Every structure is written in C-alpha cells, then in structure tokens.
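Protein chains in written order, with full-length UniProt numbering: chain A, 1 to 430; chain B, 1 to 251.
In structure tokens form, the structure reads like this:
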C-alpha cells in the first residue's frame, strides 16, 4: 500500500475519532450510558436519510457531509428524548425503552432508505455506507471534519473532567454540593451524540457504540486510576481507529466499522485474559496458588500429626518415616493426589521421599509446625467460644487456618509459646 | 448558639410519595442543636426524609429550611453522608479522590485539584483514621473503611450540619467507635448532626435528641423525654422485637 495524502488524512481522522470516542466512552461507561449510546447510533439513520432527501430536493449535492451529520445528530437526540419520555411514563423500564426506540428508529431509517432507492441514483449515493462505515469513501475534507469534531469532544471532556467524575461516582452527593448533575448529564449526552455523529461515516451507525465501549472497558481492566483510565482508553480508541482504517484501506471490501470493532474486541479480550490484576489468567493463577498453598499445609500437617500419633508426643516432629498411603487416608485424599503433592514438596525440599514414604526435612518440620499451630489455634478458639464441636472445629479450621500469621495464632492459643495437643484423635478423617 | 438562632434543620408539612404510595405524611419537625437520631421501622421514611430535605427526591408538598434559609442559600453549611450501598465501589478512584470531591464547589471546573483542597481532604481522611489508605482504590477497602471514606468526604465539606443516612450500617466495631468519636467532636465544636439510625440500643449513648418516625413524626425531643417505651412502641407498632424493647427500657 502506498501511503498517499488521502490515506494519511483518513488514518489521522480515524485515530482522532478513536481518541475522542475512547475518552467520551470512559465517562459513558462509568455513568451507565453505554446502551443509550447504541440508541443514539441506530436512531441516527432516519435523520441521515431524511437530510439527504431534503438536500436533494433543494438541488444540492446529497453527498455533502455536514447536512447529513446534522440530520443524524437531530435524529439521535430525538431518539434519546424518546427513550427518556418512554421511561418517564413508568410503564416500562429504561432498558426496554432503549430497545424499543433503537429498533423502531432504525426500522424507520431502513424503510426510508428503500424508498430513496426508487429515486434517481444521485440521491442515494453512499447512504448505505453509513450503516457499516467506509473510511475509504472519506474524502480529505470529511476526515478533517470528523477529526475536528472529535477534537472538540476531547477538549470538552477534559474541561468537564471534575464534574463528570463527581456525577459518575455519586450523582446524589454532587447535587447536594450544588453541582447540576442534570446539566452534566446533558453535556455527556451531547458528547456521546457528537462522537457518534462524527464516527458515522468511518465506523457506521450500527457499530459506533463499540468504539465508545470497548476501549473504555479495556482500560477499566488495566487501571484503578481515572486519569490513567482516560489515557489508556483514548490510546486504545486511537489505535483501533487507525487499525480499522488501515485494514479497510488495504481491502476496500472490508467495512471499516467491522475492522475497527474487531480491533477493539481483540484489545478487550487480551486485557480480559492478561490484565495484571483483574485479568482472568491472573485471577486463576492466584486461586490455583492459594489452593496449592492450602494443600501443601494440609499435607505437612498430616505428616506432622502422623508422627505425633505414632508416639513422638505432642509438639515434637519425631523422626519416623510415614507411608504416603497413610497420609492420604488421614486427609481423605486419593493416593495419586498425595503422591503428586509429595513429589512437589520433595522438589521444594520440605519433605524427603523414599520408597513410598515421606519424612519432614528441617525446613519442612518448621513449616509443618506453623501449620499445625495455626490449625490448633483456630480449633481451640472455636471450641473456647463454644462455636463448634470438635469435629466441626477441625473442619472449619481446615478452611480458615491458611494465612493466619504466627502472631495471630499466638493470640488465639491459651499458652502462646507451646504447641498444644490436638483436641481430637489423630489419624483417619471422621 | 443563642436560643433565638434558627434551628439547623426545620421541616414543615413535608409529604412525599413514591408513585402512588405515600411515604411521609405532613411531617413537621425541627432538629435542635447537637446530635439527633432519626429512628423508626423499615419503610418509615427515614432516608426519604433526609433525601427530600436535600431536594434529591421531589416532595408533594412542604419545605425544608437550613439555618432558617432554603437549601440553595445554605449549601455550603450542609454536608451529606449517603448510604454506602448507593454507589459503585468498583469506581476507578482512590480514597483521597473521593474525599476531594467534597471540595469541588471550591475549585475551578478544569485542571488538577489545588494543593489547598487536597490538604483539606487529606486532613478529613486523617480525622477518620485512614491517612495510610489515602492512595488505595476504594474497592479494595473493607466495608467499614469505605464507610469512613464517606464520613471523611462529608467532613471535608466543612459544614455546620451533617445529614447522615445510616452511618453505622454494617460496620465493624473499630469503625463504629471512630464514627462515634467524630460525632462527638462535631457536637463539641458546636456543629450539628442528624443521622438515620437503626440500632435502638445505642441511641441514648450516641445521640442527645431523637425523632421517632413512622410515616408521620410520632415523637421528638431530648432522648430522656422522647425515647420512651411508649413512644417507641407507637413508632414501631407491633413490629418491635421484644428483646430490643427490653434493652431500651429504662431500668
């Protein structure tokens, strides 16, 4: 692909559009307005078609962008007003109102479009491109307009930052402070309409909502700070806009809107999987690590208690080898599981492994003693409170002992420095 | 503080309905100086009273005056602590960010929070014992800590009257003590609190005055006079748990 002037302008326009959509979208998402943005996009279609009809009736060029976008904005706002009016009747809820308005306006647009298609060719040129978006059809001045509108939305967002944040977090409190949340909401809605309209030609009215939502949702997964969230969301939006425009320039048959949204969906999926803290992978690893740590402690405790049961006396590790099968029986585990844990603990040098038997190493004995103390501290505490019987205390302690610090265990035990005997018989699980 | 001064909060003939269901009927009441609890059974309109007074939900009739003036003329003197469950705690903000929001009326529209306002917010966080957690995302605070963030945000409004909606709801013992300490400091400095409260047994310890509410104002006055078993029974109807009743009856 040769990067001609026109291509560069289109890329820049789409990037600016993505930047603005990412920023406005972050606030739309935080204020719970994502669905309303979808309604704005769909409701714009009859406005675009009517505007083209009117312009053509006056004998002007129906492909001129400004009147079409004005028509889209008017229809988009009418759609929002219709949603609010419907919700105010208290006969249906807002989500249903949005669904009704979105589909009705869109259907009206499609019907109008089919009517326009019976008219002379000039009037319908390019109108269907607004549905799925076609950045390649953008002329340089179109891209300039989209970019300018996007820049305006961006500036307004930054100017209103404090108010938008206060209104999104706690509108009631903002009102008590004397901030007009109604005016802020109208401003946010205006920004949503502006970005939607600016993106109609490039992304199309069906998919524009994704450019508002996906970058913002991606950024939410990556940070807990609002300024940083805006930055990431804006950058993601710009990246998606550019990627979509580039893909569409390479393959003119690929609607830009689809390419933009697929890029956004890719970013979001990656973030959902790989985000350092909120990602599914990180969460899964954390869960697995916790589960493994709990199993390790249970194994070490079982090894320790087997020594006690074999007569080493409470509070000492003893020096006998214990069959893994006996530990598995004491924990109620299948033998395979006990074996895997034994090998893992041997790898960590916490047990020595020989001929189907284990033996606590000095490090393992220390860890086992901590685990036993934590377990018995919780047991003693529950029994002292009368909160459970012996078997119940054992089961409950199994669940909560992990992560109990030695200091906390000392506070729960009657004689902090010693290791008390188990309140129940050691050996097989009841 | 003189006897002639208008009361911090005065409500006249307030009637509120949700749809066709009336919640408050012709409530007329004045909150005196100091700490006042609003108590009553579930659905008695306690939160509604506060929200309607603050103009957050429309009233069918009646008005609320703050220090003798309508709310718009007294906004800077009125602080609000909503119920903790009323916001999304997953919101991308730190504890300090949230408290800073109380200072918005004192800031420009744009730009960063000025140092002076940030310091005021940090001082409010210190007052509730959360200085160490100022930079933590609010979703990673415990419930009690979140409640204290809300309290700090109310304090940062530097108000003379604080309207609090269930400040003690579902908090740990440490937070409850921290909130009580803050309430006492507010009262000691001649400022005022009107709090929706749900734990009858602590009313005499924490508050000087009480409003018993059940759709209507059942009784009001100093705790010693108004918080009587008869009035409580009148407010709660047959719904008062006998054990609770026993614990509030004077010995």
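Glycine residues also receive a C-beta, built at the ideal position from the N, C-alpha and C atoms. This one's a predicted model, so the numbers in the text were calculated from it and none came from an experiment.
Distance between residue j and residue i (C-alpha atoms, nearest Å)
i                      : j                      : result
residue 426 of chain A : residue 305 of chain A : 7 Å
residue 423 of chain A : residue 377 of chain A : 11 Å
residue 265 of chain A : residue 63 of chain A  : 31 Å
residue 59 of chain A  : residue 65 of chain A  : 15 Å
residue 185 of chain B : residue 236 of chain B : 31 Å
residue 369 of chain A : residue 300 of chain A : 8 Å
residue 37 of chain B  : residue 168 of chain B : 12 Å
residue 354 of chain A : residue 383 of chain A : 38 Å
residue 224 of chain B : residue 30 of chain B  : 17 Å
residue 210 of chain B : residue 230 of chain B : 14 Å
residue 26 of chain B  : residue 62 of chain B  : 7 Å
residue 41 of chain A  : residue 193 of chain A : 8 Å
residue 82 of chain A  : residue 38 of chain A  : 14 Å
residue 371 of chain A : residue 402 of chain A : 8 Å
residue 242 of chain A : residue 248 of chain A : 10 Å
residue 99 of chain A  : residue 281 of chain A : 34 Å
residue 202 of chain B : residue 365 of chain A : 50 Å
residue 235 of chain A : residue 22 of chain A  : 7 Å
residue 405 of chain A : residue 395 of chain A : 19 Å
residue 153 of chain B : residue 131 of chain B : 13 Å
residue 170 of chain B : residue 89 of chain B  : 15 Å
residue 108 of chain A : residue 56 of chain B  : 38 Å
residue 166 of chain B : residue 14 of chain B  : 21 Å
residue 435 of chain A : residue 147 of chain A : Past the boundaries of the shown model lies residue 435 of chain A; chain A is included only from 1 to 430, so the question cannot be answered.
residue 381 of chain A : residue 387 of chain A : 9 Å
residue 161 of chain B : residue 16 of chain B  : 22 Å
CB contact check: residue i to chain A, cutoff 7 Å
i                      : result
residue 112 of chain B : no
residue 91 of chain B  : yes
residue 137 of chain B : yes
residue 101 of chain B : yes
residue 82 of chain B  : yes
residue 273 of chain B : Residue 273 of chain B falls outside the range modelled here, since chain B spans only 1 to 251, and no answer is possible.
residue 182 of chain B : no
residue 253 of chain B : No statement about residue 253 of chain B is possible, as the shown extent of chain B runs from 1 to 251 and does not include it.
residue 87 of chain B  : yes
residue 245 of chain B : Residue confidence is low: residue 245 of chain B scores 45 on pLDDT, short of 50, so the model does not pin down where it sits. Its coordinate-derived value is still stated next. Output row for residue 245 of chain B: interface = no.
residue 54 of chain B  : yes
Test: residue i CB closer than 7 Å to a CB of chain B
i                      : result
residue 172 of chain A : yes
residue 159 of chain A : yes
residue 182 of chain A : no
residue 224 of chain A : yes
residue 84 of chain A  : no
residue 41 of chain A  : no
residue 169 of chain A : yes
residue 166 of chain A : yes
residue 178 of chain A : yes
residue 229 of chain A : yes
residue 201 of chain A : no
residue 307 of chain A : no
Burial state of residue i (16 or more Cβ within 10 Å)
i                      : result
residue 28 of chain B  : exposed
residue 177 of chain B : exposed
residue 400 of chain A : exposed
residue 218 of chain A : buried
residue 11 of chain B  : buried
residue 349 of chain A : exposed
residue 188 of chain B : exposed
residue 296 of chain A : buried
residue 261 of chain B : The structure shown does not extend to residue 261 of chain B, since chain B is modelled only from 1 through 251, so no value can be given for it.
residue 288 of chain A : exposed
residue 1 of chain B   : Residue placement at residue 1 of chain B is poorly supported in this model, since its pLDDT is 47, which falls under 50; the coordinates are not used for a value here.
residue 141 of chain A : exposed
residue 233 of chain A : buried
residue 308 of chain A : buried
residue 407 of chain A : exposed
### At least 3 beta-carbon pairs within less than 8 Å: the segment 188-205 of chain A vs the segment 132-144 of chain A
yes
### Message
So, does the segment 5-14 of chain A touch the segment 47-58 of chain A, judging by three or more C-beta pairs under 8 Å?
### Response
no
### Query
Three or more beta-carbon pairs under 8 Å between the segment 21-28 of chain A and the segment 65-80 of chain A, yes or no?
no
### Query
For the segment 266-342 of chain A, which segments carrying the alpha helix (DSSP H) assignment without a break, of at least 4 residues, lie completely within its bounds, in sequence order?
280-307, 324-331
### Query
Counting pairs of beta carbons, one from the segment 46-53 of chain B and one from the segment 185-199 of chain B, are three or more of them closer than 8 Å?
yes
### Query
Does the segment 88-99 of chain A come close enough to the segment 205-213 of chain A that 3 or more CB-CB pairs lie under 8 Å?
no
### Task
Give a yes or no on contact between the segment 99-115 of chain B and the segment 142-158 of chain B, applying the rule of three or more CB pairs nearer than 8 Å.
yes
### Task
Would you list, in sequence order, the uninterrupted beta strand (DSSP E) runs of no fewer than 3 residues that lie entirely inside the segment 128-158 of chain A?
none
### alpha helix (DSSP H) runs wholly inside the segment 151-217 of chain A, at least 4 long, in chain order
161-169, 171-176, 181-203
### Task
Output the residue ranges of the beta strand (DSSP E) runs that lie fully inside the segment 27-51 of chain A and measure 3 residues or longer, sorted by chain position.
none
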